[in-house]
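Have a look at the structure below, then the notes.
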Amino acid sequence: MKKIIVAVVYYMFLFFGITSVSASDKISAYLLGSQVEVSVAKTKLQDAGFEVIASYEPVKNGTTLIFTNDALKAEGAKPKRSHVAILRMFIDDKEKTISITNPIYFGRAFMQDYYKEDVFIAQYEKINSAFANLKGSKDSLDFDDLATFHFMMGMPYYEDPDELATGSNEELLAKAKNYKEGKLLIFELKLSDKCTLLGYELGDNTKKFIEKTGRVNASVLPYCISIEDGAATSLAAKYYLAVSYPLLSMGEFMTISSVPGEIENDLKQPFE
212 MKKIIVAVVY
222 YMFLFFGITS
232 VSASDKISAY
242 LLGSQVEVSV
252 AKTKLQDAGF
262 EVIASYEPVK
272 NGTTLIFTND
282 ALKAEGAKPK
292 RSHVAILRMF
302 IDDKEKTISI
312 TNPIYFGRAF
322 MQDYYKEDVF
332 IAQYEKINSA
342 FANLKGSKDS
352 LDFDDLATFH
362 FMMGMPYYED
372 PDELATGSNE
382 ELLAKAKNYK
392 EGKLLIFELK
402 LSDKCTLLGY
412 ELGDNTKKFI
422 EKTGRVNASV
432 LPYCISIEDG
442 AATSLAAKYY
452 LAVSYPLLSM
462 GEFMTISSVP
472 GEIENDLKQP
482 FE
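Numbering-wise (my numbering), the sequence shown opens with residue 212 and increments by one.
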């Protein structure tokens, strides 16, 4: 019965528009649909008022589009909230599907108590107006749990990022952009004079974890670096991977147990 109620609520949200979300509502991490061509997806996003800032291939026969708009950038410009400034759309040419990060899910997770319902519901509705017949993924968490999410006791929260380096913003940006002649920089998004979000490539061996966790959520890449107030940080991988794969069991997490450390090491290298 509970599953039926959740399904009814979801479809009411989808077809009649969300006006509010309650603490106990299950929120899907991703919005799933049928494949569209990359060029078509870009046009649809742009027509919905989004700016596509990067196109990235996290896996073979798959493309992730990184997109944003003024409302998301305004939220991301707030102190220590830069990661909320972007959304991601994975176009899977192998499985003939699309997967879009749900702005309500990641908005609540990354903004926590500063979550502004009207902003993120508006993004949700823009996405659903651009792509027909989207459905929620099985990956989901209770709305209220997202703000304080961590995988288990002893694991990091959103507010426990990996600290990569310190220095002036200008110095840190220059190092990130010049490392390996800039070949690892996927995108640069300036959010304010104090904060810039970077999309950054991981090492070939590190990013193979998607082969184990599943390509359906391949939009977790590219990984992001936030340069803000004289520090370069990234979301702790034990947090980011867990919130991006909420169905991941402890056993499955153990199969990628070395990955969080590898991600941190990869992202520190440009600043050494």
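For each residue, glycine too, the CB sits at the ideal point set by N, CA and C.
Closer than 7 Å: residue i CB and nearest the ligand GDP heavy atom
i, result
"R319", "Ligands in the displayed structure: none, and consequently the ligand GDP is not present."
Same chain, Cβ closer than 6 Å to residue i, five either side skipped, listed in chain order
i, result
"L242", "I311, N313, L345"
"F342", "G244"
"S239", "N313, G347, S348, S351"
"F331", "P314, I315, G318"
"D371", "A447"
Residue i versus the options, residue with shortest Cα-Cα distance
i, options, result
"A453", "K289, P269, M363, R299", "M363"
"I438", "V249, S245, A288, K271", "A288"
"P367", "S468, Y451, I264, I277", "Y451"
"D281", "A429, V251, A333", "A333"
"T254", "S340, S348, N476", "S340"
"D404", "P269, S250, P290, D258", "P290"
"H361", "M322, D355, Y369", "Y369"
Nearest-angstrom beta carbon gap, residue j and residue i [assumed within contact, 8 Å]
i, j, result
"V295", "E286", "5 Å"
"I309", "I277", "Not a contact, Cβ separation roughly 14 Å."
"A443", "L375", "4 Å"
"T274", "E262", "In fact, because the Cβ distance is near 17 Å, the residues do not count as touching under 8 Å."
"T407", "L400", "7 Å"
"P433", "Y267", "5 Å"
"D373", "E483", "Not quite, the Cβ-Cβ distance comes to about 14 Å (not below 8 Å), so this is no contact."
Pairwise C-alpha distance: residue j and residue i
i, j, result
"G393", "K386", "9 Å"
"L413", "D236", "35 Å"
"S455", "N389", "29 Å"
"Y335", "E381", "34 Å"
"M461", "S293", "29 Å"
"L478", "V232", "36 Å"
"E463", "V427", "15 Å"
"M465", "I338", "34 Å"
"F301", "K327", "25 Å"
"T377", "T417", "24 Å"
"F354", "G441", "33 Å"
Cut-off 8 Å between Cβ atoms - residues of its own chain near residue i, not counting five sequence neighbours on either side
i, result
"N272", "D303, D304, K305"
"I467", "F420, K423, T424, L452"
"L402", "K284, G287, A288, S293, A296, L408"
"V247", "K255, I302, I309, F342"
Test: residue i CB closer than 8 Å to a CB of chain B
i, result
"S340", "Absent here is chain B; the protein component of the structure consists of one chain."
Cut-off 7 Å between Cβ atoms - residues of its own chain near residue i, not counting five sequence neighbours on either side
i, result
"G472", "none"
"G457", "As written in the sequence, residue 457 is Pro, which differs from the Gly given in the question. A240, D350, S351, L352, listed in sequence order."
"D415", "none"
"V429", "For the sequence presented, residue 429 should be read as Ala rather than Val. Excluding sequence neighbours, A429 sits near P269, V270, G273, T275, F301, I421."
"G260", "N280, K337"
Task: Continuous alpha helix (DSSP H) assignments of at least 4 residues falling wholly in the segment 420-463 - done: 421-424, 448-455
Open item on the list: Just to confirm the assignment: which complete beta strand (DSSP E) runs, minimum length 3, are found wholly within the segment 342-388?
Closed with: 351-353, 373-377
- [ ] Run through the segment 242-309 for me and flag every whole alpha helix (DSSP H) of 4 or more residues, listed as ranges in chain order.
- [x] DSSP runs (the alpha helix (DSSP H)) wholly in the segment 242-309: 249-258, 281-287.
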